[in-house]
Structure formats: C-alpha cells, structure tokens
Amino acid sequence: MALIVQKFGGTSVANTERIFNVADIVTKTAAAGNQVVVVVSAQGDTTDDFIEKAGEITSNPPAREMDVLLSAGEQISMALLAMAIEKLGFRATSLTGWQAGIRTDLNYGSARIHKVKPERIQSLLDRNRIVIVAGFQGINSHDSITTLGRGGSDTTAVAIAAALHADLCQIYTDVDGVYTADPRIVPGAKKLDEITFDEMLELATLGAQVLHNRSVEMAKKYNVDLEVVSSLTRNPGTKVKEVTSVEKMIISGVACDKDTARVTVCGLPDEPGKAFRVFSLLAKNKINIDIILQTSSNQPGTKQDISFTVATASREAAVKILEENKDRLHFDSVTSQDGLAKVSIVGSGMVSNPGVAAKMFEALSDAHVNILMIATSEIKISVVIDIADSGRALRAVHDKFFE
Ligand code: ADP
Ligand code: ASP
Ligand code: MG
C-alpha cells in the first residue's frame, strides 16, 4: 500500500463531467489499495472571476478580505469532488486549508507555508477515507485565511506530500507533462520524460506555469517524488527529480513571462553607493526586482542610468517611490514601460557548451525581434522584449534548439 497525493488543477475540475473524471482517477487509485489525499484548485476561471468581482467593488480591496474571497473557489471544488466520490461508493471527507493544518506566514496573497500539521488528514486516512484538501490556502497566526499566490495549489500538494512522507505526489493538469516550451504557444514543443528539480525550478520561475515554482523548491528540499500528468489523456507524464537518467541536454526548455515591466533611473551620479541607495529603497518598500542593467561608460564622471524589471503590478509603486526620493538619490528622471515579456532558455548543460547565447540571439535576429535587456546565469539566459513579439520569439528560440 502506498500513500499518494494527487492534485487536480482548475481545468481538470471545471465542470460536472470533469469532476466525475477526477473521482474516477482517485477511486481507481484507492481501489488499487492506496491511501489517497487529493488537493483541488478552483473550477475553471473561478479565481479570475472573483478578482473581477472584487474590482467591481473597489480598486484597492483589503488584502485579508481578498484572501477570504479567493479561497472560496477551492472550497466549492472540494465539496463537489467529495460528493462525486461518495456517489461512486467510496468514503471521502473534504477539508479547508486550516482544517488540514496548513499554517502560513502573514503575507496575504502570497503566503508561504511554514508548517503542515498532518494529524487530522492522517487520522482520516487511518479510517479509510479519501481526504480532499482545498489547494492554495492556509491559515496564519491571527487565525485568518491566507492564499499562497496564483497557481499555489501545486505547493499545497507538495507540502502535504512532504508532511505525510507520501510515496508519490502527482500533479494532474490539462497537458501531458512538462514540455520543452508551452505546447499551446509552440506547436513543436516536445514532452520531457524527466527533468531535474533545478531546471524545473528555473523554468517555473521564468514563466512556465505548469508547476508553481515554490512547489518545485519544496519538492527538492524534502525530496518528494513528483510527477506531472494529464487528467484528460492518461498518457505517461514527466518525472521531476534530483538527477535524471537521460543524457544531459544543453537546453531543457524555453519559457516566457509576460508579466514584465521596466523602470529606468536616468542620470545617477557616477559614485559608489548609487545602486545601493536605489535598491535598498525599493527593497524597503517590498518591491521585487528581477533583471538589473547599468549603463557603463569608459569616461569617469559621466552620469549613469540603471534599468530594472519588475512585475507589471509593481511598476507604478516603484516609479512613485523613486520620484519621492529624487533629491536624495540625485538622479535626473525616471521612466517606465510595461507591455514587455521575458523569454528565457534553461539548461544545466549550457555551462560547458560555448555558443549557446549566440545561437539564441541568432534565432531572435532571424525573427526580427529587438532585445531590450539581457541577463544570464549558469543555467539560463533571459532576454526582455516587446510583448507583441513574445510568441514569435518563443517559437523561434525553441525551434533553433529543438528542431
Ligand atoms: P492547472 O490549472 O492544472 O494548475 P495551469 O494552467 O496552471 O494548470 O498549468 C498548465 C498549463 O501550463 C498548460 O496548459 C500550458 O499551457 C502551460 N505551460 C507553460 N509552459 C509549459 C511547459 N513548459 N510544459 C507544459 N505546460 C506548460
Ligand atoms: N485557484 C488558484 C489560481 O487560479 C490556485 C491554483 O489554481 O493553483 O491561481
Ligand atoms: Mg497551475
């Protein structure tokens, strides 16, 4: 007998037929002699609809109440699935995040799980129940509901799998596994049988939403046996693991993040401490920075510009804070631009293979895509481009490495 955690995303539970399809997968797993904990997302576009509804009331909803609202979607799914499972003749009990013992920090909207108290889930399993847990939510030290950030149900599933020492954590979704690029944007994308935690973490962080990046981080930390599979086709999926048995590829995938804006601080004095002053101010105001670029001049004393990227929702706040501190930071002006995208290639093999960057830039050049910023690390190269070019760029870069 194994203990298996199965997570089903929004498309997989979108309507009655899909809920019965999930109930079928879950009960077959239980009938094969396994203990099963199921984690569910909200149905279809429910979470987006809730965000829209809140927007009809106010443009600035209290963060605590936003989480109360958003967590409701998962509560609907869990009850409907429990009913479907019971209808198939199995015993099921649904639990909200707090009932399931998911404790988080205080950050509404992007809370981190700091502890899972699995006793209640465990005692239900011991009584031969299938346990269904609402994904994406927990409770903080004020006993208030928190949510984990968009796509966070994957992280709920991995956290529960880690806490229960589950034998396997399966993320059921609407594609057959992890592909070399989003198969909806790149028709030639290929399914990977295996991928390492590190590569998956980079891909997820750089925009491949097939897994929530924190779920991958947690699976690596607690060595959770993780796989991504389709709830619709039942084809073999993708295993995410520490080391893969296949030969290391130079590039394992291409990702695109369309939530990118750029801010440029122009005319900073060429003196020590300028970057420190700019970025410590932004950090104090909890603005998350991604790529940073400083102009370099070989003439000492020339004023310098620093550009950085942020999520689109942070652009206005970043500009406002900088403007307010213009005199203290001694810069000339600040400009900003949204409607950008970041296209990245990821692969641990690129460290030892020269020419990878040139190949990526050649693909972009051939597709007439203008690069605004470049950032590299040992296992990734990212470029910031106009969002209108993102689909074309993603396909061009993907095909250059995989065709
Ligand atoms: P769920 O609702 O099941 O959590 P998501 O929409 O969060 O599903 O994630 C699945 C989607 O991720 C797919 O439909 C696909 O369009 C997208 N995706 C982006 N990059 C990749 C990739 N590299 N491999 C597979 N899917 C990807
Ligand atoms: N329902 C949440 C969302 O849409 C969480 C999830 O699906 O993982 O982001
Ligand atoms: Mg998801």
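FYI, this note's numbering numbers position 91 of the sequence shown as 98, with every residue one higher than the one before it. Ideal Cβ placement from N, Cα and C applies to all residues, glycine included.
Residue i CB to nearest heavy atom of the ligand ADP below 7 Å
{"i": "Y186", "result": "yes"}
{"i": "R191", "result": "yes"}
{"i": "G158", "result": "yes"}
{"i": "V182", "result": "yes"}
{"i": "A215", "result": "yes"}
{"i": "L210", "result": "yes"}
{"i": "G260", "result": "yes"}
{"i": "S351", "result": "no"}
{"i": "S222", "result": "no"}
{"i": "S355", "result": "no"}
{"i": "S148", "result": "no"}
{"i": "S19", "result": "yes"}
Beta-bridge partners of residue i, as assigned by DSSP
{"i": "R110", "result": "K122 and I146"}
{"i": "F461", "result": "In the structure displayed, the chain extends from 8 to 410; residue 461 sits before or after that span and is not available."}
{"i": "F409", "result": "Per DSSP, none; premise fails for F409."}
{"i": "S173", "result": "Checking the sequence shown, residue 173 turns out to be Ala, not Ser. DSSP output for A173 lists no bridge partner at all."}
{"i": "K198", "result": "Y186"}
{"i": "D393", "result": "L347"}
{"i": "Q301", "result": "I313"}
{"i": "A141", "result": "V47"}
{"i": "V412", "result": "Given a span of 8 to 410 for the chain in the structure shown, any question on residue 412 remains unanswerable."}
{"i": "I152", "result": "I146"}
{"i": "L102", "result": "V140"}
{"i": "L10", "result": "Q42"}
{"i": "K246", "result": "E201 and E234"}
{"i": "T342", "result": "T271"}
{"i": "I178", "result": "K14 and V235"}
{"i": "I352", "result": "V261 and I388"}
8 Å Cβ shell around residue i - same chain, five flanking residues per side excluded
{"i": "D307", "result": "Sequence inspection shows Pro at residue 307; the Asp mentioned does not correspond to that position. Contacts found: D277."}
{"i": "I412", "result": "Any answer about residue 412 is impossible in this case: the structure gives the chain only from 8 up to 410."}
{"i": "N135", "result": "R98"}
{"i": "N114", "result": "T153"}
{"i": "T36", "result": "I11, Q13 and V43"}
{"i": "V326", "result": "V270, V341 and S343"}
Any non-hydrogen atom of the ligand MG closer than 7 Å to residue i Cβ
{"i": "H219", "result": "yes"}
{"i": "G16", "result": "yes"}
{"i": "D133", "result": "no"}
Closer than 7 Å: residue i CB and nearest the ligand ASP heavy atom
{"i": "S48", "result": "yes"}
{"i": "G80", "result": "yes"}
{"i": "T267", "result": "no"}
{"i": "G116", "result": "no"}
{"i": "F368", "result": "no"}
{"i": "D421", "result": "Limits of the chain in this structure are 8 at one end and 410 at the other, which puts residue 421 out of reach."}
{"i": "Q142", "result": "The question names Gln, but residue 142 is Gly in the sequence shown. Yes."}
{"i": "T103", "result": "no"}
{"i": "T54", "result": "yes"}
Close-in-space but distant-in-sequence residues of the same chain around residue i (CB under 7 Å, 5 per side omitted)
{"i": "A118", "result": "T111, D112, G145, N147, T153, T154 and L155"}
{"i": "A61", "result": "P68, M73 and L76"}
{"i": "F338", "result": "V272, C273, G274 and L275"}
Range of the contiguous beta strand (DSSP E) that encloses residue i
{"i": "E234", "result": "L233 to S237"}
{"i": "A262", "result": "G260 to L275"}
{"i": "F97", "result": "Unbroken run through F97: none, as it is neither H nor E."}
{"i": "I58", "result": "No beta strand (DSSP E) contains I58, which is instead part of the alpha helix (DSSP H) from T53 to I64."}
Boundaries (first-last residue) of the alpha helix (DSSP H) holding residue i
{"i": "Q216", "result": "That residue, Q216, is in no alpha helix (DSSP H); it is neither H nor E in DSSP."}
{"i": "S333", "result": "Here residue 333 is Lys; the residue named in the question, Ser, does not match the sequence. Looking at the DSSP string, the run of the alpha helix (DSSP H) that includes K333 is K333 to L336."}
{"i": "K310", "result": "No alpha helix (DSSP H) contains K310, which DSSP labels as neither H nor E."}
{"i": "F283", "result": "K281 to K291"}
{"i": "A382", "result": "Not the alpha helix (DSSP H): A382 falls in the beta strand (DSSP E), residues M380 to S384."}
{"i": "T36", "result": "T23 to A38"}
{"i": "V414", "result": "This structure leaves residue 414 out entirely; the chain is present only between 8 and 410."}
{"i": "V363", "result": "V363 to D373"}
C-beta contact flag for residue i and residue j at 8 Å
{"i": "L275", "j": "D174", "result": "no"}
{"i": "Y186", "j": "K198", "result": "yes"}
{"i": "I378", "j": "S238", "result": "no"}
{"i": "I328", "j": "L289", "result": "yes"}
{"i": "V270", "j": "V341", "result": "yes"}
{"i": "I298", "j": "V358", "result": "no"}
{"i": "G195", "j": "I257", "result": "no"}
{"i": "A188", "j": "H405", "result": "yes"}
{"i": "I192", "j": "G398", "result": "yes"}
{"i": "V217", "j": "V235", "result": "yes"}
{"i": "A91", "j": "V123", "result": "no"}
{"i": "R322", "j": "A395", "result": "no"}
Same chain only: Cβ atoms within 6 Å of residue i, ignoring 5 sequence neighbours per side
{"i": "G159", "result": "F143 and H219"}
{"i": "N222", "result": "Correcting the residue identity first, residue 222 is Ser in this sequence and not Asn. These residues qualify, in order along the chain: D161, T162 and V165."}
{"i": "T4", "result": "There is simply no residue 4 to check, as the chain begins at 8 and stops at 410 in what is shown."}
{"i": "Q177", "result": "Q13, E234 and V236"}
Any chain B beta carbon closer than 8 Å to residue i
{"i": "A61", "result": "Here chain B cannot be found, since the structure has a single protein chain."}
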